[in-house]
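Right, one structure below, let's go through it.
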Amino acid sequence: MSSKSKRLGSLADVFQAEKLEGTVRKIRLDKILPSENQPRQDRKKGVDDLARSLEKDGLLQPIIVTKQNPEDENYRIVAGERRYHAAKQLDWTEVECKILDRDEKETFRLAIIENLQRENLSPYEEIEAMSHLKTSFKYTDQELGTLFGKSRSYMTELLGISSLSKEELRSCKEAGIEGKNLLIQAVAASRKGTFFEFLNLFQTGALKTVKDAKSFNREEENLFTPKIAANTNSKTSNSKLTEYKITKKQGLIQITSHDEALLGEILKLIKKEIRKKFGDT
15 MSSKSKRLGS LADVFQAEKL EGTVRKIRLD KILPSENQPR QDRKKGVDDL
65 ARSLEKDGLL QPIIVTKQNP EDENYRIVAG ERRYHAAKQL DWTEVECKIL
115 DRDEKETFRL AIIENLQREN LSPYEEIEAM SHLKTSFKYT DQELGTLFGK
165 SRSYMTELLG ISSLSKEELR SCKEAGIEGK NLLIQAVAAS RKGTFFEFLN
215 LFQTGALKTV KDAKSFNREE ENLFTPKIAA NTNSKTSNSK LTEYKITKKQ
265 GLIQITSHDE ALLGEILKLI KKEIRKKFGD T
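When the letters of the sequence shown are read in order and numbered with the numbering used here, they come out as residues 15 to 295.
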């Protein structure tokens with residue numbers, strides 16, 4: 015069984031599974047640099063708690079570093095960046111490190127795995143990291159799920175969120191949408207062309223929960239699904255199907271059809287339902 019298909023609990027397990035070896039020795043903190051490819055965007059989260067732990071118990075596991083340029087006297091962190099920041103906070107001068115001889119691509123892969131296993135990444139960080147593992151290192155959804163103890167459906171949903179454009183993902187993040195399940199509903203709204211209405215409802219507080227989001231998408235599905243309607247005009251000998259189209263953009267809903275009688279019936283139905291739900295205006 016390849017290491018990709020094993021359930022790994024920590025970066026140490028990755029070393030054992032892939033038979034990675036490194037030299038362990040103490041390195042001065044001023045010779046250690048944070049990772050340029052660190053998948054965690056909020057790097058210093060939880061550092062205060064970790065600093066207290068280090069002060070009490072010491073460094074239980076070495077920081078993993080690599081020297082990408084043999085002529086460079088500095089080392090780059092692969093895993094353990096929070097431990098590095100905690101040690102700096104305690105004014106330590108040096109820490110125990112494990113030095114790997116790995117290229118940039120491999121160290122980024124290990125950094126992603128270490129962070130996904132040890133820290134609570136935000137959905138946006140998790141999506142970015144998982145997508146990178148899938149596209150750059152050819153992991154399948156099933157392999158990623160096995161590696162991180164997630165079901166295949168979970169991985170499919172998570173990676174499905176990456177179908178949102180960068181602008182849409184940024185808009186979701188700025189709006190404060192943090193939960194994976196809400197982001198999944200944002201994807202559904204985007205596919206229906208109602209993403210910005212979905213976002214506006216969330217920002218105004220009209221849409222707060224996953225249940226609200228599912229209800230919104232169901233209503234939109236019911237609105238857009240009908241493509242044809244039966245023409246029950248008694249003057250026609252055959253019951254023919256009449257095409258109509260409903261489009262929605264920003265604050266406008268438009269219904270188009272070549273059948274004037276059908277449009278009249280739709281208008282009556284809309285007025286009836288509006289009165290029933292909102293009363294007379």
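Each residue gets a CB set at the ideal place from its N, CA and C atoms; glycine is no exception.
Around the C-beta of T160, 16 or more other C-beta atoms lie within 10 Å, and the residue is accordingly described as buried.
Less than 8 Å divides the Cβ of S185 from the Cβ of L213. The alpha helix (DSSP H) runs lying completely inside the stretch 120-200 and spanning 4 residues or more are 137-151, 155-162, 166-175, 180-189, given in chain order. Cβ-Cβ distances below 8 Å link Q103 to V61, D62, A65 in the same chain, with the five nearest sequence neighbours on each side left out; the list follows chain order. Between the alpha carbons of N88 and K206 lies a distance of about 51 Å.
Listed in chain order, the non-local C-beta contacts of S204 below 7 Å within the same chain comprise L178, E182, local neighbours out to five positions each way being set aside. Contact between the stretch 107-115 and the stretch 68-83 is present: 3 or more CB-CB pairs across the two stretches fall below 8 Å. For the stretch 73-109, the full-length alpha helix (DSSP H) segments reaching 4 residues or more read 95-103 along the chain.
For T218, the uninterrupted alpha helix (DSSP H) segment begins and ends at 209-218. Closest in alpha carbon position to A202, among K222, I175, I191, A93, is I175. For G193 and E120, the gap between their C-alpha atoms comes out near 30 Å. Around the beta carbon of E274, fewer than 16 other beta carbons lie within 10 angstroms, which makes this residue exposed. Between I46 and I91, the C-beta spacing is below 8 Å. Going by DSSP, K285 is part of the alpha helix (DSSP H) stretching over 274-292. Per DSSP, the beta-bridge partners of K259 are T270. The C-beta separation of A93 from L68 comes to about 16 Å, leaving the pair out of contact by the 8 Å criterion. The closest CA to that of N83, considering only W106, D115, Y98, K180, is found on D115. In the DSSP annotation of this structure, the continuous segment of the beta strand (DSSP E) that includes K40 starts and ends at 37-42. In the three-state reduction of the DSSP assignment, K45 falls in the helix class. K222 sits in coil when the DSSP states are folded into three classes, being neither helix nor strand. Judged by DSSP in its simplified three-state form, K112 adopts strand. For K70, the enclosing alpha helix (DSSP H) begins and ends at 61-71.
In this structure, the straight-line span from the alpha carbon of R232 to that of K225 is close to 10 Å. Here P137 is buried, its C-beta having at least 16 other C-beta atoms within 10 Å.
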